[in-house]
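Protein chains in written order, with my numbering: chain R, 397 to 712; chain P, 397 to 712. I have placed the structure first, in the form of structure tokens, so that the comments after it can refer back to it.
Protein chains: 2
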Amino acid sequence: MVTFADIETAAARIAPHVKRTPVLTSDWFDQRAGIRTFFKAENLQTGGAFKLRGGVNFVLSIPDADIGRGVVAFSSGNHAQAVAIAAGIRGVKATLVMPDDAPKSKMAATRARSGEIIVFDRLKEDREAIGRRVAAETGATLVPPFDHELIIAGQGTAAKELLEETGQVDALVVCLGGGGLLSGCATAAKAMQPGIKVFGVEPETANDWALSIKAGQIVEIPPPNTIADGLRAPKPGKVTFPIVQKLVDDVITVSEQEIVETVMFLLDKMKIVVEPSGAVAAAAILFGKLPPGINTAAAIISGGNVDWELLRSFEG
Amino acid sequence: MVTFADIETAAARIAPHVKRTPVLTSDWFDQRAGIRTFFKAENLQTGGAFKLRGGVNFVLSIPDADIGRGVVAFSSGNHAQAVAIAAGIRGVKATLVMPDDAPKSKMAATRARSGEIIVFDRLKEDREAIGRRVAAETGATLVPPFDHELIIAGQGTAAKELLEETGQVDALVVCLGGGGLLSGCATAAKAMQPGIKVFGVEPETANDWALSIKAGQIVEIPPPNTIADGLRAPKPGKVTFPIVQKLVDDVITVSEQEIVETVMFLLDKMKIVVEPSGAVAAAAILFGKLPPGINTAAAIISGGNVDWELLRSFEG
Chain R
397 MVTFADIETA AARIAPHVKR TPVLTSDWFD QRAGIRTFFK AENLQTGGAF
447 KLRGGVNFVL SIPDADIGRG VVAFSSGNHA QAVAIAAGIR GVKATLVMPD
497 DAPKSKMAAT RARSGEIIVF DRLKEDREAI GRRVAAETGA TLVPPFDHEL
547 IIAGQGTAAK ELLEETGQVD ALVVCLGGGG LLSGCATAAK AMQPGIKVFG
597 VEPETANDWA LSIKAGQIVE IPPPNTIADG LRAPKPGKVT FPIVQKLVDD
647 VITVSEQEIV ETVMFLLDKM KIVVEPSGAV AAAAILFGKL PPGINTAAAI
697 ISGGNVDWEL LRSFEG
Chain P
397 MVTFADIETA AARIAPHVKR TPVLTSDWFD QRAGIRTFFK AENLQTGGAF
447 KLRGGVNFVL SIPDADIGRG VVAFSSGNHA QAVAIAAGIR GVKATLVMPD
497 DAPKSKMAAT RARSGEIIVF DRLKEDREAI GRRVAAETGA TLVPPFDHEL
547 IIAGQGTAAK ELLEETGQVD ALVVCLGGGG LLSGCATAAK AMQPGIKVFG
597 VEPETANDWA LSIKAGQIVE IPPPNTIADG LRAPKPGKVT FPIVQKLVDD
647 VITVSEQEIV ETVMFLLDKM KIVVEPSGAV AAAAILFGKL PPGINTAAAI
697 ISGGNVDWEL LRSFEG
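The following block contains the structure:
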């Protein structure tokens with residue numbers, strides 16, 4: 397299990413390379429939601445997402461003997477860009493295996509960070525297998541997107557920073573894809589504020605976590621179709637699942653419509669660009685999905701790499 | 397003249413009601429501009445603009461004997477919303493005189509803040525005269541948009557906070573409409589860092605300041621047509637002009653195209669929503685308008701109340 401000490405170690409390791417992003421509040425949001433909410437704006441992180449935290453923590457931990465052969469990662473976008481930036485810090489090559497339907501903006505940004513991209517068919521090919529093949533052929537180190545203790549510890553630094561600024565709150569609300577961010581953040585939150593309630597949020601159409609928690613074991617769903625492209629992992633991770641199972645109070649789902657409306661609300665009223673995946677935690681709060689008795693909440697805005705074309709197509 | 401002590405007094409007075417907005421950086425921006433830039437994100441201020449600083453400083457200074465009769469202001473939008481919020485703090489009524497072509501989003505937000513709006517024709521009627529008439533008829537206190545020492549001192553708190561965080565920089569870059577923000581910020585900057593260069597930036601099509609500084613006296617231009625609706629004041633203020641004349645190193649102009657491209661850059665790469673007026677300082681840096689020798693800059697992002705329809709029409 398990842399410990400709070402691991403998160404503190406990660407925080408010290410990544411500090412020179414990762415922004416301490418601002419904590420934002422909005423009286424518009426609070427009024428409509430009925431909950432005083434503090435947002436950790438990881439959309440303003442370098443690379444536009446929290447992924448840099450885990451990526452840098454992992455890549456800085458690769459032994460000198462191995463790092464020269466570079467790194468490889470599979471990702472729909474934000475992890476790819478993070479690994480490309482992390483590789484740059486160590487001066488090595490990054491190869492990114494990305495699905496062919498990844499947002500174009502994320503692919504372009506990854507290329508701009510000097511990452512080399514291999515495209516695959518998300519519905520037919522296994523990205524993990526391709527990633528492992530590249531790793532085997534080149535000797536590059538595979539940087540897992542979420543299911544690794546160093547990744548989880550890195551992501552946990554987001555909640556650590558957030559709760560340091562907010563002080564005591566009733567709840568922490570975090571999006572759920574592979575579970576790396578939530579596992580790390582729940583670990584930090586329960587260590588810092590043992591009485592805090594922690595909620596994971598995922599799209600209704602990508603409810604592998606809700607099904608898995610209910611079943612008491614990992615349940616895989618068919619490749620999910622959701623506008624939240626960062627939350628399309630079809631099943632919980634082997635490392636993240638038991639952490640979420642132990643520390644998280646509940647898993648909440650939000651509809652596609654709720655996600656899109658929240659993206660527009662954050663854009664229009666809070667003046668920040670948030671990608672659909674990054675808005676699901678805020679959506680759960682805005683649309684009254686938390687249980688009664690929650691008056692203050694801390695939420696992670698996980699990323700801002702919006703594909704405007706995709707967003708417009710969902711707006712209808 | 398406004399002094400740094402006035403700005404410190406304002407800072408203490410407004411602190412309970414005004415956010416200390418974050419200072420943002422972007423490696424994308426720095427790379428393209430060739431200047432390490434620190435942005436004061438006043439688009440994330442309550443009301444979506446820096447205007448709350450001066451508005452609250454002024455309204456909190458109105459004597460108890462007068463405040464009961466309410467306040468009145470004339471504004472294209474952001475000052476109106478600020479005055480409505482400030483009036484709410486004191487529990488009194490705000491009447492806002494707004495041009496009929498003010499962005500609809502700004503009118504709607506002002507109404508949502510319980511402000512009562514009187515619309516006038518910007519090209520035919522004199523908003524100052526209407527404001528003064530309302531003040532005379534109702535006994536309401538007129539809250540000037542920029543040309544008053546309490547307003548200027550309030551706006552100066554933005555630069556004070558910014559330079560407290562950045563430490564020494566080569567330049568401070570601020571937008572220029574009526575000159576309230578620049579006057580206050582220049583006063584703070586030159587007091588805190590006597591060697592700093594201070595630049596004002598205005599749209600090419602609203603270059604009343606550039607003309608006035610060149611002429612050595614206040615020059616009025618016809619009602620300007622620029623997408624930067626917050627910078628359409630046709631002439632410098634009587635109080636702001638001598639301050640800018642004395643403290644500001646140069647006035648720079650940017651084109652409509654440069655403004656729109658900067659808005660899109662800030663949206664796409666920095667994940668923040670910035671209105672055209674709020675982007676002109678960034679535009680001057682991004683498009684190489686600063687003189688050589690500037691390696692680090694602090695810039696104010698003055699507001700985020702974008703009218704999306706208007707922006708799309710300029711994008712073409």
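For every residue, glycine included, the Cβ atom is placed at its ideal position computed from N, Cα and C.
At least 8 Å separates the CB of residue 692 of chain P from every CB of chain R. Sixteen is the threshold: when 16 or more other Cβ atoms of the shown chains lie within 10 Å of the Cβ of residue 628 of chain P, as they do, the residue is buried.
Put simply, the CB of residue 418 of chain R is near chain P, with a gap under 8 Å to one of its CB atoms. Contact annotation: residue 569 of chain R and residue 681 of chain R have beta-carbon atoms nearer than 8 Å.
With a threshold of 8 Å between beta carbons, residue 442 of chain P makes contact with chain R.
Cβ contact annotation for residue 413 of chain R (same chain, cutoff 7 Å, sequence separation greater than five): 452, 485, in chain order.
The Cβ-Cβ distance between residue 506 of chain R and residue 492 of chain R falls below 8 Å. Around the beta-carbon of residue 677 of chain R, 16 or more other beta-carbon atoms lie within 10 Å, marking it buried. Only residues of its own chain outside the window of five on either side were considered, and among them 426, 692 have a CB closer than 6 Å to the CB of residue 432 of chain P, listed in chain order.
The Cβ of residue 423 of chain R sits closer than 8 Å to at least one Cβ of chain P.
Contact annotation: residue 476 of chain P and residue 502 of chain P have beta-carbon atoms nearer than 8 Å. Among the residues facing chain P, residue 663 of chain R is included, as its CB has a counterpart in that chain under 8 Å away. In the DSSP assignment, residue 494 of chain R falls within the unbroken beta strand (DSSP E) covering 490 to 495. Listed along chain P, no residue sits closer than 7 Å to residue 474 of chain R by beta-carbon distance, the nearest being about 12 Å off. Residue 667 of chain R belongs to the set of residues whose beta carbon lies under 8 Å from a beta carbon in chain P. Secondary structure of residue 518 of chain P (DSSP, three-state): coil. Taking a Cβ-Cβ cut-off of 8 Å, the neighbours of residue 439 of chain P in chain R comprise 667, given in sequence order. For residue 464 of chain R, there is no enclosing beta strand (DSSP E), as DSSP marks it with neither H nor E. The CB of residue 700 of chain P comes closer than 7 Å to the CB of 667 in chain R, given here in chain order. Using a Cβ-Cβ distance cut-off of 8 Å, the stretch 398 to 408 of chain R and the stretch 551 to 561 of chain R are in contact, since at least three pairs of beta carbons, one from each stretch, lie closer than that value. Taking one beta carbon from each stretch, the stretch 569 to 581 of chain R and the stretch 634 to 647 of chain R have 3 or more pairs nearer than 8 Å; the two touch. In this structure, the CA atom of residue 513 of chain R is about 30 Å from the CA atom of residue 581 of chain R.
Distance from the CA atom of residue 434 of chain P to the CA atom of residue 613 of chain R, rounded to whole angstroms, is 48 Å. Boundaries for residue 430 of chain P: no alpha helix (DSSP H) harbours it, and the DSSP string shows neither H nor E there. A distance below 6 Å between beta-carbons, with the five flanking residues on each side excluded, links residue 632 of chain R to the following residues of its chain, in chain order: 575, 605, 608, 614. DSSP lists P:650 as the bridge partner or partners of residue 599 of chain P. The Cβ atoms of residue 398 of chain R and residue 562 of chain R do not sit closer than 8 Å to each other.
Residue range 545 to 562 is occupied by the alpha helix (DSSP H) that includes residue 554 of chain R, with no beta strand (DSSP E) assigned at that position.
Going by C-alpha positions, residue 447 of chain R is about 38 Å away from residue 599 of chain P.
The Cβ atoms of residue 686 of chain P and residue 440 of chain R do not sit closer than 8 Å to each other. Residue 472 of chain R is a Cβ neighbour of residue 498 of chain R, given a cutoff of 8 Å. The DSSP-derived three-state label of residue 476 of chain P is helix.
For residue 589 of chain R, the number of other beta carbons within 10 angstroms of its own is at least 16, and it is reported as buried.
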